[in-house]
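Notes follow once the structure below has been shown.
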Amino acid sequence: MGTLRRSHSCGEIDASRVGDEVVVAGWAHRRRDHGGVIFVDLRDQKGLVQIVFRPETSTEAHQSAGDVRSEWVLLVRGVVEARSAETVNSKMVTGEIEINVHELRILNSATPPPFAIEEEAGADEAVRMKYRIHDLRRPPLQRALAVRDRLSTALRASFGRQGFMEIETPMLARATPEGARDFLVPSRLHAGSFYALPQSPQIMKQLLMVSGFERYYQIARCFRDEDQRADRQLEFTQVDLEMSFVGVEEVLEVLQQLTLDGCRDAAGVELPMPFPRMSYKEAMERFGCDRPDTRILLELVDLTDLFATSGFKAFRGAVDQGGIVKCLPVHDADGVSRSEIDRLESFVRKELGARGLGWIRIAEDGEWRSPIVKFLTDEERAEIVKQTDARPGSLLFFQADAPDKANAILSRLRIDLGEKLGRVDGREWDVLFVVDFPLFERDDKGQLTYVHQPFVAPLEEDIPLLETDPEAVRGTHYDVIMNGTELGSGSLRNHRADIQRQILKVLGYSDEEMKQSFGFMLDALELGAPPHGGFAFGFDRMVMVLAHAESLRDVVAFPKTQRGQDLLMQAPSPVAAESLDELSIRVRAPKPE
RNA sequence: GGGGCGGUAGUUCAACCGGUUAGAGCACUGGCCUGUCACGCCAGAAGUUGCGGGUUCGAAUCCCGUCCGCCCCGCCA
């Protein structure tokens with residue numbers, strides 16, 4: 000660069016600078032060489048500006064400009080000139096001016112980019128991740144990372160205003176048998192022992208509450224060694240918080256304020272106050288899902304009772320085995336063709352493991368066209384009409400299966416069809432609390448297990464039920480849902496060791512196992528633990544929703560593939576034998592190079 | 001662990017029912033061009049059709065296996 004320094008950003012030069020000498024730097028976005036005059040669009044983080052090389056202005060600069068290629072790094076000194084009326088480019092923010100270059104310094108050359116540094120240019124995900132640096136130069140990732148930055152700044156400010164203190168917790172923590180698979184870190188000083196990277200700061204923040212920090216927060220990295228999804232990465236960021244001496248209402252108040260501040264300051268989104276609330280039960284009944292997008296107007300109807308005594312074996316059988324029968328009515332559905340129904344059926348069979356997809360179409364003449372109608376009595380048909388509000392033009396989809404499965408399938412259809420048919424209320428943003436989750440559920444072996452995590456406190460009035468009817472115990476758990484995505488979840492925690500023990504007992508832990516797995520936690524609760532509760536936002540998911548991104552990979556600077564690899568840095572990688580020796584580790588089957 | 005979709009030039013894609021020299025746009029290289037802005041024109045180079053095996057007179061194409069990317073189930077809050 001020599002002694003020359005930037006005076007302006009490319010994107011911020013406008014007509015008011017005409018006549019000024021400026022120094023700008025950036026990447027050669029595109030070059031248009033007319034032999035005589037050469038145009039280069041110069042790009043920096045703020046935007047693009049056209050720089051012009053004329054032989055009559057500087058023979059030397061003009062000649063060097065002939066060598067410039069895409070993504071070369073340039074520094075130029077020149078004079079801002081107004082473009083003539085015919086040459087103004089209205090598509091460019093800086094299209095009214097250009098810079099007549101007097102001096103060009105080529106700061107670096109560059110190998111040709113594998114794909115165009117443009118908004119639209121499509122590229123395979125593997126290519127994008129291998130050439131992540133080029134992808135990061137493009138507007139979508141630039142925007143997403145800017146949202147990320149603004150959101151963390153906004154949340155920190157909001158935490159500050161609400162009296163929270165940021166406290167860091169260890170990344171080298173202890174492995175826990177519960178929850179997700181841990182990432183293990185071998186200890187050099189303790190051969191054969193391992194640290195675990197935290198799945199979340201859950202336990203540590205509870206210990207901070209016992210320690211007397213009444214309002215804690217942290218923007219914390221978390222690690223879970225589980226299979227990836229579009230909305231799940233091996234490592235991710237949680238906005239973690241915990242408060243002492245509060246009930247559910249006080250926590251929700253804080254969450255509401257944080258969500259409001261974050262969405263406003265990061266994306267200019269104004270959310271309606273107060274956030275609506277829905278019970279878990281209602282969400283499952285109406286939407287088949289505990290994170291409903293309530294902008295979609297279609298709703299499910301439960302017909303289990305109707306088919307409990309039916310002669311239709313396929314449905315009756317499901318109910319007899321403890322399943323449910325639910326229906327997704329779609330009115331005015333003439334636009335859905337028979338082949339579309341077949342496509343939906345094969346979709347739910349293949350992708351979601353459905354046994355089939357029952358459907359009834361009521362034609363305009365009132366006739367029922369359906370593969371299943373012949374199994375239904377007149378009374379059943381009348382009852383279906385009554386409960387689903389079916390009428391000519393209606394299309395009814397049915398699932399008879401285990402509750403989780405039937406709901407999962409129909410809620411997916413609800414979203415797909417709702418979006419495809421435009422059955423939406425037109426709001427861009429939908430936010431709500433889902434509350435009153437059950438504390439326990441049965442796993443496939445019939446053993447009671449926790450729905451969220453073992454520290455969730457029950458509702459006070461449900462505590463007696465722990466002895467008598469644990470499945471009916473409601474937890475203090477709450478979720479924040481935005482546009483059908485779970486932004487995060489939280490609860491009040493058990494601050495009394497006796498209640499915590501009682502819950503662990505219901506979960507099937509012996510005294511010995513309790514001590515083994517949760518001993519230090521139970522001990523901590525006996526040191527004078529205050530009532531406390533908190534929450535953790537999935538920060539990446541929040542950015543994903545605000546940036547309208549389809550995948551977490553589009554809101555993270557350096558994401559990993561579905562198989563957990565970083566294609567840019569080539570991680571994970573084998574390590575030198577000496578490194579393993581030092582850690583007292585022997586690899587059973589080393590990967591051949 | 002399971003199901004699905006995909007993998008052809010640097011890149012985005014094409015190539016009929018298995019058929020003779022695997023094509024095109026962009027990018028790249030060389031040349032021309034003084035008002036373009038996805039500049040234009042001329043010429044050129046560029047391929048282990050992911051990899052391995054099989055069927056066949058002949059395979060990008062069909063079969064088997066395997067690797068990689070993505071979506072989903074399981075798993076995970």
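With numbering that gives the first Met the number 0, the residue at position 281 of the first sequence is 280, and numbering never jumps.
From the three backbone atoms N, C-alpha and C, an ideal C-beta is built for every residue, glycine too.
Worksheet item: Nearest CA to the CA of G321: which residue from D304, L416, V51?
Response: Checking every option, the nearest Cα to that of G321 belongs to D304.
Fill in: Residue environment, Q62, which counts as buried when at least 16 other CB atoms sit within 10 Å
Flag for Q62 reads exposed.
Fill in: Chain-order list of residues whose beta-carbon lies under 8 Å from that of L524 (same chain, five-residue window excluded)
A distance below 8 Å between beta-carbons, with the five flanking residues on each side excluded, links L524 to the following residues of its chain, in chain order: V209, N493, H494, R495, A496, Q499.
Discussion item. Restricting to runs no shorter than 3 residues, where is the beta strand (DSSP E) found entirely within the segment 322–378?
Written reply: Here the runs fully enclosed are 323–329, 357–361.
Item to complete: Using 10 angstroms around the beta-carbon of D40, count the other beta-carbons present and answer buried if the total reaches 16, otherwise exposed.
Response: D40 should be labelled buried.
Practice prompt. Might you give, ordered along the chain, the residues of its own chain that have their beta carbon closer than 6 Å to the beta carbon of A109, omitting 5 neighbours on each side?
Written response: Excluding sequence neighbours, A109 sits near E70, W71.
Practice prompt. Please work out which residues of its chain come closer than 6 Å, Cβ to Cβ, to P275, disregarding the five sequence neighbours upstream and downstream, and give them in chain order.
Written response: Counting only Cβ-Cβ distances below 6 Å, and skipping sequence neighbours, we find L431.
Worksheet item: Can you tell me where the alpha helix (DSSP H) with L41 in it begins and where it stops?
Response: Here L41 belongs to no alpha helix (DSSP H); instead the beta strand (DSSP E) covers 37–43.
Worksheet item: From which residue to which residue does the beta strand (DSSP E) around E440 run?
Response: Unbroken beta strand (DSSP E) run through E440: 439–441.
Practice prompt. Output the distance between the C-alpha atoms of K590 and V433, rounded to the nearest integer angstrom.
Written response: Its pLDDT being 43, under 50, K590 is placed unreliably by the model, and nothing is read from it.
Practice prompt. Along the alpha helix (DSSP H) that carries I414, what are the first and last residues, could you check?
Written response: Counting along the chain, the alpha helix (DSSP H) containing I414 begins and ends at 402–419.
Worksheet item: According to DSSP, which residues form a beta bridge with W26?
Response: As computed with DSSP, W26 is found in a beta bridge with R42, V72.
Item to complete: Give a yes or no on whether the C-beta atoms belonging to K312 and Q398 are separated by under 8 Å.
Response: It is not a contact, given that the beta carbons lie outside the stated cut-off.
Worksheet item: What do you get for K594, buried or exposed, if any count of 16 or more other CB atoms within 10 angstroms of its CB means buried?
Response: No answer is possible for residue 594: it lies beyond the span of the chain, which begins at 0 and ends at 592.
Fill in: Identified DSSP bridge partners for V430
Note: V430 sits in a beta bridge opposite M481.
Worksheet item: Are the segment 242–259 and the segment 372–390 touching by the rule of at least three beta carbon pairs closer than 8 Å?
Response: Output reads no: the segment 372–390 does not touch the segment 242–259.
Discussion item. DSSP has V300 in a bridge; who is on the other side?
Written reply: Beta-bridge pairing links V300 to C326.
Practice prompt. Return the Cβ separation of D239 and S199 in integer angstroms, given the expectation that the two are a contact with Cβ distance under 8 Å.
Written response: Between D239 and S199, the beta carbon gap of about 7 Å places them in contact (Cβ cut-off 8 Å).
Worksheet item: With 16 other CB atoms within 10 Å as the buried threshold, where does M0 fall?
Response: Around the beta carbon of M0, fewer than 16 other beta carbons sit within 10 angstroms, so the residue counts as exposed.
Worksheet item: Taking the continuous alpha helix (DSSP H) assigned at Q205, which residues delimit it?
Response: Run containing Q205: 201–209, per the alpha helix (DSSP H) assignment.
Practice prompt. List the DSSP bridge partners of N99.
Written response: According to DSSP, N99 bridges with V51, V78.
Worksheet item: In this structure, what does DSSP give as the bridge partners for A195?
Response: Bridge partners of A195: A172, L183.
Practice prompt. Please confirm whether R223 and R180 have their CB atoms less than 8 Å apart.
Written response: Between R223 and R180, the C-beta gap is smaller than 8 Å, which places the two residues in contact.
Practice prompt. Kindly confirm or deny that the segment 469–489 and the segment 509–527 touch, where touching means at least three C-beta pairs closer than 8 Å.
Written response: Verdict: no, contact absent.
Item to complete: Could you tell me the distance, in whole angstroms, from the CA atom of W358 to the CA atom of V329?
Response: Taking the straight line from one Cα to the other gives about 11 Å.
Practice prompt. Work out the CA separation of I295 and F38 for me, nearest whole Å.
Written response: One C-alpha to the other measures close to 49 Å.
Worksheet entry | At least 3 beta-carbon pairs within less than 8 Å: the segment 138–146 vs the segment 541–557 | Flag = yes, the segment 138–146 and the segment 541–557 touch.
Item to complete: Look at the Cβ atom of V75, then the Cβ atom of I50, and state whether they are nearer than 8 Å.
Response: Contact flag set, yes.
Item to complete: Using DSSP bridges, identify the partner residues of D388.
Response: Answer is none; D388 lacks a bridge partner.
Worksheet entry | For M164, three-class secondary structure by DSSP | Looking at M164 - three-state DSSP - the assignment turns out to be strand.
Worksheet item: For A456, which of D415, I502, S157, A381 has the nearest alpha-carbon?
Response: Ranking D415, I502, S157, A381 by Cα distance to A456 puts I502 first.
Worksheet entry | contact_flag[the segment 555–574, the segment 164–184] where n(CB pairs < 8 Å) is 3 or more | Because the criterion of three Cβ pairs below 8 Å is not met, the segment 555–574 and the segment 164–184 do not touch.
Fill in: For L106, the three-state DSSP class (helix, strand or coil)
Looking at L106 - three-state DSSP - the assignment turns out to be strand.
Worksheet item: Which partner residues of M242 appear in the DSSP bridge assignment?
Response: In the DSSP assignment, M242 is bridged to R214, G532.
Worksheet item: Apart from the five residues just before and just after S583, which ones in its own chain have a Cβ nearer than 7 Å to its Cβ?
Response: Excluding five sequence positions before and after S583, the CB atoms of its chain that fall closer than 7 Å to its own CB belong to A190, G191, given in chain order.
Discussion item. What does the Cβ neighbour count give for E592, buried or exposed, with the cut at 16 atoms within 10 Å?
Written reply: With a pLDDT of 35 at E592, under the threshold of 50, the modelled position of this residue cannot be trusted, and the question is left open.
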